[in-house]
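Each residue of the sequence shown is one higher than the one before, counting from 504 in this note's numbering.
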Amino acid sequence: MYSTRGVRRGLQWAGSRKTGQVRRGIVTDADVEQARKYCVDQLRKGDYDAYLIRQFVPRAARDAYDALRTLNLELARLPETVSSPAIGRFRMQFWRDTVANVFAGNPPREPISILLHKAVTDLRTRPAADGGGGSSANALRFWLLRFLNMREQHLEAHPFPTLAALEDYAEHTYATLLYMTLAAMPVRSVHVDHLASHIGKATGIAAILRGIPILAAPSTAGSGAGSGGAGRAREPALLLPLDVMAETGVREEDVFRHGPRAEGLQDAVFRVATRAHDHILTAREMLQNLRAGKGPGHDYEHAEEAGPADDDAASAAVDVRRAFGILLDAVPTAEYLERLEAADFDAFRVKSSWKLPWRIWQALKKEQI
Numbered sequence: 504m505y506s507t508r509g510v511r512r513g514l515q516w517a518g519s520r521k522t523g524q525v526r527r528g529i530v531t532d533a534d535v536e537q538a539r540k541y542c543v544d545q546l547r548k549g550d551y552d553a554y555l556i557r558q559f560v561p562r563a564a565r566d567a568y569d570a571l572r573t574l575n576l577e578l579a580r581l582p583e584t585v586s587s588p589a590i591g592r593f594r595m596q597f598w599r600d601t602v603a604n605v606f607a608g609n610p611p612r613e614p615i616s617i618l619l620h621k622a623v624t625d626l627r628t629r630p631a632a633d634g635g636g637g638s639s640a641n642a643l644r645f646w647l648l649r650f651l652n653m654r655e656q657h658l659e660a661h662p663f664p665t666l667a668a669l670e671d672y673a674e675h676t677y678a679t680l681l682y683m684t685l686a687a688m689p690v691r692s693v694h695v696d697h698l699a700s701h702i703g704k705a706t707g708i709a710a711i712l713r714g715i716p717i718l719a720a721p722s723t724a725g726s727g728a729g730s731g732g733a734g735r736a737r738e739p740a741l742l743l744p745l746d747v748m749a750e751t752g753v754r755e756e757d758v759f760r761h762g763p764r765a766e767g768l769q770d771a772v773f774r775v776a777t778r779a780h781d782h783i784l785t786a787r788e789m790l791q792n793l794r795a796g797k798g799p800g801h802d803y804e805h806a807e808e809a810g811p812a813d814d815d816a817a818s819a820a821v822d823v824r825r826a827f828g829i830l831l832d833a834v835p836t837a838e839y840l841e842r843l844e845a846a847d848f849d850a851f852r853v854k855s856s857w858k859l860p861w862r863i864w865q866a867l868k869k870e871q872i
């Protein structure tokens, strides 16, 4: 889950400039460097998993990674930093307009936009022999708009109707973050996207479990980062799928009142965590197959969504090696699921781990997730 303490927001960064408003114009190297520092600082304070992984992301995709993960952090915080859902939707429209301007070469003077513009420009000017050009940039834009659409659908914290709906959310958010970073390299491989899909689904499902101790507790007005007192008081929320809660006898009110002592909560967490773990196991099996030059062993349901891509299993082994740093998202997810199991699936008792940096480095060295 993300930290919301001591973090400046992107629009405040833009507003701190002399004009006092979000401007557009020529982007200088100094602007890019300032935007890069801002995004890295956001990740260090608010998404430490991404901050650890970013240094292993291939340099060609690192600016895109930093910008996109900071955007994800911004949107994850949005419900607590606006006074109403309507204002949240206005903010989402701002980001849609921003994407249009970034890809038109006219980014707002806002750090995420500036760094994303740099990544898009580099991708377009990269030689076609290295995968650059318009098609890779178009794929990045396709995934980004899909990501924004799903984030807007979940501005309000309501439970997912089914476990399948939670998987769909994870596919359109966390898996899509991986697709975008792969497109920025660019790596256009159906098999690598398929591998990223399983990792992203596991990560998105685990993010919901990580959020239980935070979201199930009520907050006070203005407690969100950067809210300046303008944020609304958040009602406690439990995002576990309704079908799983019904099967395990969990009631939202019991969780809000009794926390980890609520009847059936650990059973519900176990069922959801099992689905995330299944995706990790599938990703590990796929990784072994692809590195051996074999096919993934099962069909990829999203294969046609972003247009043509390489589906040769032999070349996928090379692509996996090139993009392995991007796939390291699987490591903190798997490590969290291990700690959750050690806590007997009590999401309130899961402790942070000092071993994560070492686990990430070890995974990179062995090329295993």
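Beta carbons are placed, not taken as given, at the ideal position from N, Cα and C, and that holds for glycine.
From 581, 714, 603, 781, pick the residue whose C-alpha is nearest to that of residue 594; which is it?
581
Starting from the C-beta of residue 538, find all residues in its chain whose C-beta is less than 7 Å away, skip the five residues before and the five after it, and write them out in chain order.
For residue 538, where only same-chain residues beyond five positions count, the Cβ hits under 7 Å are 614, 617, 618.
Pop quiz: residue 543 and residue 569 are said to be a contact at Cβ under 8 Å. What is the actual Cβ separation, rounded to whole angstroms?
6 Å
Our contact map puts residue 836 next to residue 660 with C-beta atoms below 8 Å; I'd like the distance itself, whole angstroms only.
That pair is no contact at about 21 Å.
State the Cα-Cα distance for the pair residue 525 and residue 562, rounded to the nearest angstrom.
Summary for residue 525: the model assigns pLDDT 48, below 50, so the residue's position carries little reliability; its value from the coordinates is reported in the next sentence. Taking the straight line from one Cα to the other gives about 29 Å.
Is the stretch 683 to 702 close to the stretch 815 to 828, with three or more CB pairs under 8 Å?
yes
Judging by CA-CA distance, which residue of 682, 713, 789 is the nearest neighbour of residue 805?
682
So residue 769 is in the alpha helix (DSSP H); what residue range does that whole segment cover?
768 to 794
Measuring only the C-alpha atoms, how far is residue 850 from residue 601?
37 Å
For residue 561, three-class secondary structure by DSSP:
coil
Go ahead and label residue 776 buried or exposed: buried means 16 or more other beta carbons lie within 10 angstroms of its beta carbon, across all protein chains shown.
buried
If you draw a straight line from the alpha carbon of residue 845 to that of residue 606, how long is it in whole angstroms?
46 Å
If we count the other Cβ atoms within 10 Å of its Cβ and call it buried at 16 or more, is residue 734 buried or exposed?
Reliability fails at residue 734, whose pLDDT of 49 lies under 50, so the model's placement of it is uncertain and the value that follows must be treated cautiously. Buried, by the Cβ-count rule.
Could you tell me whether the Cβ atoms of residue 744 and residue 666 are closer together than 7 Å?
yes
Using 10 angstroms around the beta-carbon of residue 860, count the other beta-carbons present and answer buried if the total reaches 16, otherwise exposed.
Under this definition residue 860 is an exposed residue.
Is residue 848 closer than 7 Å to residue 773 when the C-beta atoms are compared?
yes
Cα-Cα separation between residue 463 and residue 621, rounded to whole angstroms:
One cannot answer for residue 463 here, as it falls past the ends of the chain, which runs 504 to 872.
When we look at the beta-carbon of residue 696 and count the other beta-carbons within 10 Å, is it buried (16 or more) or exposed?
buried
Contacts around residue 604, its chain only, beta-carbon distance under 8 Å, and the 5 residues preceding and following it disregarded:
527, 610, 611, 616
Outcome for residue 799 when other beta-carbon atoms lying within 10 angstroms are tallied against a minimum of 16:
buried
State the DSSP-derived secondary structure class of residue 664, mapped to helix, strand or coil.
Reduced to three states, the DSSP call for residue 664 is coil.
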